[in-house]
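Colleague:
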Amino acid sequence: MKRLSTVAPSVVVSLAILLFIGIAAVAPNLLAPGNPLAIHPTASFLPPSLGHPFGTDESGRDVYTRIIHGAGASVLIGITATAIGLGLAIVFGLLAGLGPRWLDFGTTRLLEVLFAFPGLLFALLFIVIYGPGVLTSTIAVGLATAPGYSRIIRSRVLVVKRAPYIEASLVLGRSRFFRVTRHLVPNVAGSLFVLATLGIGQSIVWASSLSYLGLGAVPPAAEWGAMLSGGRTYISSFWWLTFFPGLFIVLTAAATTLLGRGLHERVRS
Amino acid sequence: MTLPLGPTATTTTAESVRRRSWLPWAAARLGGVAFVLWAVATVTFFAIRLIPGDPAEAILGGPGSQASREALAQARKDYGLDLPLGIQYLHYLGRLATGDLGTSYSLRSPVTTVIGQNLGPTLLLAVSSLLIAVVLALLLALWSSRSGRVAAAAGSVLEIIASAVPHFWLAIALILLFSTALGWLPPVSVPGPAGLILPALTLAIPLAGFLGQVMRESLLDALASPFVLAARARGEGESGVFWRHALRHAAIPAIGLAGWAFGSLISGAVVVETIFARPGIGRSLLSAVQDRDVPLVLGVVLIVAVGYMLVTTLTDLADRFVDPRLRERS
Chain R
1 MKRLSTVAPS
11 VVVSLAILLF
21 IGIAAVAPNL
31 LAPGNPLAIH
41 PTASFLPPSL
51 GHPFGTDESG
61 RDVYTRIIHG
71 AGASVLIGIT
81 ATAIGLGLAI
91 VFGLLAGLGP
101 RWLDFGTTRL
111 LEVLFAFPGL
121 LFALLFIVIY
131 GPGVLTSTIA
141 VGLATAPGYS
151 RIIRSRVLVV
161 KRAPYIEASL
171 VLGRSRFFRV
181 TRHLVPNVAG
191 SLFVLATLGI
201 GQSIVWASSL
211 SYLGLGAVPP
221 AAEWGAMLSG
231 GRTYISSFWW
241 LTFFPGLFIV
251 LTAAATTLLG
261 RGLHERVRS
Chain S
1 MTLPLGPTAT
11 TTTAESVRRR
21 SWLPWAAARL
31 GGVAFVLWAV
41 ATVTFFAIRL
51 IPGDPAEAIL
61 GGPGSQASRE
71 ALAQARKDYG
81 LDLPLGIQYL
91 HYLGRLATGD
101 LGTSYSLRSP
111 VTTVIGQNLG
121 PTLLLAVSSL
131 LIAVVLALLL
141 ALWSSRSGRV
151 AAAAGSVLEI
161 IASAVPHFWL
171 AIALILLFST
181 ALGWLPPVSV
191 PGPAGLILPA
201 LTLAIPLAGF
211 LGQVMRESLL
221 DALASPFVLA
231 ARARGEGESG
241 VFWRHALRHA
251 AIPAIGLAGW
261 AFGSLISGAV
271 VVETIFARPG
281 IGRSLLSAVQ
291 DRDVPLVLGV
301 VLIVAVGYML
311 VTTLTDLADR
321 FVDPRLRERS
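Sequences listed follow chains R and S, in order. Just so we're aligned: 178 in this note's numbering is position 178 of the first sequence, and the numbers increase by one with no gaps anywhere. Just so we're aligned: 192 in this note's numbering is position 192 of the second sequence, and the numbers increase by one with no gaps anywhere.
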């Protein structure tokens, strides 16, 4: 067990950032009491100031308030996409890792084919078929990330399957069901937790990239990607419309990645 | 001419193992490539059939065009859409085999021409980004592996942040800094080297973050390993140890990332080419998706899959070249 003093400062900072974003997602009014959709035509395109720390947009809406109120939607998209990706990956990874040889062969070939579609391409192909929108872009991101997770889970299952404690359990005459549920799943779950932490930040980045390209959530929703896409027309003149929502995406992604790395070190040691 | 398949009197055992393992490996590899390409072509062909709406209508400019019955029937006949699905699939595979990717719905020219025009700029962008990323990652790894624990930790955090930054935001930040504030570089991609710098940097920085993370870890491993100690004991200088021994070791996991890096560069190119208004495969793909230009989407996806398979095959070859252990095993 590691003592608190050995926790890296980067992990503490990431936890603080994620706590802030978590509060914004669950109770945005604590951090920004204003209305994210309130329009003030006379106060449009105000640069960042004390009254509006991140400035205002084309309709005079406060960008800070919109970012805080948009956290819930963005985090939800990230969590849903990661859940879809990991859920599929668990099925693929367990089938390949525990099933008969032909099933492993088939699943591995399928994954190889899926790997030939780079992530965003797969998502774009999915969007061509099912049309743009929040739901399709979330599912697209989930599907696009599944092959990567599957490969990691499969190799993890293969390692754990050959571990001495599984052999010991076999010698003790435990059932296959017992071995899988009591030994294999808990040991694979550690790396799943790390993958999920890393994945949420990455999924938010991907989903917001799709929104930025105009294929995901659309304005006037206060979701971060939608804010980016709405501010895209004004990049050269009113930079704060895209800079600050993007900054929150970067903060979330960097914090989850740093935290995931920290957890990974812990699981490994 | 006969090929010596078994060990001959003049070859040593290790050599014969190497020679024997080469042919089956190449054959299996080629078979794998062919299988993946066929599967990609098949999956995309049938996935496209899931698109709701009449493809003939899409050819004639979408539902808004109010094309006449005769025009629709003519379009169906022209594009072979009136044939049974199985026949269409066989025709499609036959055309693919001869390098015919069909005609773009929106641009009215052959998909191969459109891709041919856009491949060059994207390749130039990808290769320059890759070079910049490798140089940045090397510099960072070099600096942080030699300057103690604090530098290593700082380098690691820097790499993680770099790898987590989305391309579109990095592009905006770079435009704000170098075009709006400093006025050094154009905000859109003009022809020539000046227009290439910002797009290439945007793609390179996150990639450098990933490469740096992977390389620094194995570089530190290598610098602490017996073979580096042995090299030092033989009187190898510090730079010789680094470039000839440790770096070669650290290159192996980085080469393993090449397939992934290719995918990330292509995905990034979609975003970067759009933001900087730069011609290329990524931007054509995005406009093809927006226009539901099915043949163009299919063509780009296939070309990217071919590129991916090429890169991973070259990666395996490079691995065997850099890592002598792989040649002697299997």
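We treat Cβ as the ideally placed atom computed from N, Cα and C, and that holds for glycine. Since the structure is predicted, the reported quantities are computational estimates derived from the model, not experimental observations.
Per DSSP, Asp62 (chain R) forms a beta bridge with which residues?
Modeller: In DSSP, Asp62 (chain R) forms a bridge with R:Thr56.
Colleague: Using the beta-carbon count (16 or more within 10 Å), is Phe242 (chain S) buried or exposed?
Modeller: It counts as buried.
Colleague: So, with DSSP's three-state summary, where would you put Pro110 (chain S)?
Modeller: Residue state, collapsed to three classes: strand.
Colleague: Please list the partners that Val304 (chain S) has in chain R, where partner means a Cβ-to-Cβ separation under 9 Å.
Modeller: Under the 9 Å cutoff, chain R gives Ala116, Phe117, Pro118, Leu121.
Colleague: Is Thr103 (chain S) helix, strand or coil when you go by DSSP?
Modeller: The answer is strand: DSSP assigns Thr103 (chain S) an E or B state.
Colleague: Over the uninterrupted alpha helix (DSSP H) stretch that includes Arg232 (chain S), give me the two end residues.
Modeller: Here the alpha helix (DSSP H) through Arg232 (chain S) covers 226-233.
Colleague: Three or more C-beta pairs under 8 Å: does that hold for the stretch 28-46 of chain R against the stretch 59-74 of chain R?
Modeller: Yes: the two stretches touch, three or more of their Cβ pairs being nearer than 8 Å.
Colleague: Could you tell me which of R:Gly131, R:Val128, R:Tyr149 sits nearest to Thr108 (chain R), measuring between CA atoms?
Modeller: The option with the nearest alpha carbon to Thr108 (chain R) is R:Tyr149.
Colleague: Report the residue ranges of all beta strand (DSSP E) runs contained in full by the stretch 130-198 of chain R; include only those spanning at least 3 residues, in chain order.
Modeller: Those beta strand (DSSP E) runs which fall completely within the stretch 130-198 of chain R and span 3+ residues do not exist here.
Colleague: Using a Cβ-Cβ distance cut-off of 8 Å, determine whether Thr313 (chain S) contacts chain R.
Modeller: It does not; no Cβ of chain R falls within 8 Å.
Colleague: Exposed or buried, which one is Leu19 (chain R) when buried takes at least 16 other CB atoms within 10 Å?
Modeller: Exposed: under 16 other Cβ atoms inside 10 Å.
Colleague: Which bits of chain R does Thr274 (chain S) rub up against, with CB to CB less than 8 Å?
Modeller: Here the neighbours are Leu213.
Colleague: Distance, Cα to Cα, Glu273 (chain S) vs Ala204 (chain S)?
Modeller: When rounded, the distance between both Cα atoms is 14 Å.
Colleague: Counting contacts by CB-CB distance shorter than 8 Å, is Arg261 (chain R) in contact with chain S?
Modeller: Interface residue, yes.
Colleague: For Gly231 (chain R), which of helix, strand or coil comes out of DSSP?
Modeller: In the structure shown, Gly231 (chain R) sits in a helix (DSSP, three-state: H, G or I).
Colleague: Kindly list, in the order they appear in chain R, the residues whose Cβ is closer than 7 Å to that of Trp55 (chain S).
Modeller: Before going further, note that residue 55 (chain S) is Pro rather than Trp in the sequence given. Under the 7 Å cutoff, chain R gives no residues; its nearest Cβ is about 12 Å from Pro55 (chain S).
Colleague: Mind checking the stretch 172-184 of chain S against chain R and listing, in chain order, the residues whose C-beta falls within less than 9 Å of any C-beta there?
Modeller: Result list: Ile172, Ala173, Ile175, Leu176, Ser179, Thr180.
Colleague: Which residues in the same chain have their Cβ closer than 8 Å to the Cβ of Ala141 (chain S), if we skip the five residues on either side of it in sequence?
Modeller: Closer than 8 Å at Cβ, skipping near neighbours: Gly155, Gly212, Met215, Arg216, Leu219, Ala250.
Colleague: So with Cβ pairs under 8 Å, would you call Val12 (chain R) a contact of chain S?
Modeller: Not one chain S Cβ lies under 8 Å of Val12 (chain R).
Colleague: Please work out which residues of its chain come closer than 6 Å, Cβ to Cβ, to Val13 (chain R), disregarding the five sequence neighbours upstream and downstream, and give them in chain order.
Modeller: Closer than 6 Å at Cβ, skipping near neighbours: no residue.
Colleague: Could you give the first and the last residue of the continuous alpha helix (DSSP H) run that contains Val190 (chain S)?
Modeller: Run containing Val190 (chain S): none; DSSP gives neither H nor E here.
Colleague: Going by DSSP in three states, His249 (chain S) sits in which element: helix, strand or coil?
Modeller: Helix at His249 (chain S).
Colleague: In chain S, what lies closer than 7 Å to Gly70 (chain R) by C-beta?
Modeller: Per Cβ cutoff of 7 Å: no residues; Gly70 (chain R) is ~15 Å from chain S at best.
Colleague: How is the alpha helix (DSSP H) around Thr315 (chain S) delimited, first residue to last?
Modeller: Per DSSP, Thr315 (chain S) belongs to the alpha helix (DSSP H) from 294-322.
Colleague: Which residues in the same chain as Pro95 (chain S) place their Cβ atom closer than 8 Å to its Cβ, once the five residues preceding and following it in sequence are excluded?
Modeller: According to the sequence displayed, residue 95 (chain S) carries Arg and not Pro. So the list reads Leu101, Gly102, once near-sequence residues are dropped.
Colleague: How big is the Cα-Cα spacing for Gly31 (chain S) and Ala73 (chain R)?
Modeller: Approximately 45 Å, taken between the alpha carbons.
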